[in-house]
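Quick note: the sequence shown uses my numbering, first residue 3, plus one each step.
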Amino acid sequence: MEPEPDAVLKEGETLGDWTIREKLGQGSYGAVYTVVNKKGELYAMKTESVKSYNKVLKAEYYVLSELKRVKAQHFCAIIDSGLIGETKYLVMTLVGLTLTELRKYNPAAKVHKFSLGCALSVGIKCLEAIQEIHSVGYLHRDIKPSNYAIGRIEVRQIYLLDFGMCRKYKDNSSNIRNPRSFAAFRGTVRYAPLSCHVAREQCRKDDLESWLYQQVELTTGRLPWKNMKDRDDVGKCKKLCRQKEYVKELLGGCPREYLAILRLIDSLRYYSDPDYARICDYLREAIRNNNVSEYPYDWEMLNEKTAAE
């Protein structure tokens, strides 16, 4: 689906104080650009037509504003926002490569995965980001490697992106909203939690489940259902991987602490308050037990190797 024409800009065009440098991507909501200000500083700009049915930009603005209020560490800063003509825009931090891109960063690698120390350290930061968004009353509902990115300059910084699927799980009195009897599928099939496959309302546990699938993929380079096309088949495979005789299909090649994390996440219910610290402790235990280092990250090593050549 093409974006509304009013929300598409060309290189060299200006919008307020911002000049368009390059289009980074587009969707049904509008587009994303690299923009530059009068000082020559680079940022990202998201645009959306006022005619757009899905008010993605509004959601993004509210979520990022709430995260700024609590001084969250893993999210882009809002630099500017406004409406010019028929185009709404939001200017924010320009990030670097996504975890999906970084996982495939070394073309010589036979398996696209991170080293264990890198995967565990990145996993902790990704989990911290989920805890931060939950702390302001929102579920992300589309946790996956392409929605995490490193900093453009600070290559050890991890950002959580894209709030188009977000939903408030708390009401204005900070009470957890009661679940709907039916909830349409939200998210990306490969990383979606079991709840999505049975049309159940998502909760904090479900973001953590998606995070664990991502974590397994970053660690081993694979997920058992990677090549399955049918959504129901993927759901059945995820469920089967919980059984004792099949759990190695999911967690084979992972530190043993991942099984403890899976059991912890699966024990949570709709109203449960997840023990994020315990999950982080498991990851730190895995770092110690496997005698691996968090730093430097894999992409730092590759950059050094390229520079040396």
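Each residue gets a CB set at the ideal place from its N, CA and C atoms; glycine is no exception. Note that the coordinates shown come from a computational prediction; the quantities given were computed from them, not determined experimentally.
By a C-beta neighbour count over all protein chains shown, 10 Å radius and 16 as the cutoff for buried, is Q245 buried or exposed?
Label assigned to Q245: exposed.
Does D277 have its Cβ less than 8 Å from a Cβ in chain C?
As a matter of chain content, chain C is missing from the structure shown, which is built from one protein chain.
Give the single residue among Q133, E13, I135 whose Cα lies nearest to the Cα of I22.
Checked all of Q133, E13, I135; the closest Cα to I22 is E13.
Just to confirm, is the Cβ distance from I132 to D209 under 8 Å?
yes
Whole beta strand (DSSP E) runs in the stretch 42-87 with 3 or more residues, listed along the chain?
44-51, 80-86
Find out if the Cβ-Cβ distance for the pair W213, I145 is shorter than 8 Å.
yes
Is V200 buried or exposed, if buried means 16 or more other CB atoms sit within 10 Å of its CB?
exposed
Around the Cβ of D235, are there at least 16 other Cβ atoms within 10 angstroms (buried) or fewer (exposed)?
exposed
Strictly by DSSP, which residues pair up with R169?
L141
Between E219, L163, T221, D277, which has its C-alpha nearest L66's C-alpha?
L163
Pair within 8 Å by beta-carbon distance, E259 and A279:
no
Quick check: the Cα distance between G98 and Y273, rounded to an integer number of angstroms?
Between G98 and Y273, the C-alpha separation is close to 35 Å.
Can you check whether the CB of E62 is closer than 8 Å to the CB of F165?
yes
Can you tell me the Cβ-Cβ gap for R343 and L96, rounded? I've got them flagged as a contact below 8 Å.
With the chain running from 3 to 311 in the structure shown, residue 343 is simply not present.
When you compare only the Cα positions, how much space is there between G119 and E88?
48 Å
Alpha carbon to alpha carbon, how far is Y31 from Y297?
Note on geometry: alpha-carbon atoms of Y31 and Y297 lie some 38 Å from one another.
Can the beta-carbon of L59 be found closer than 8 Å to that of K41?
no
For the stretch 153-224, which segments carrying the beta strand (DSSP E) assignment without a break, of at least 3 residues, lie completely within its bounds, in sequence order?
160-162
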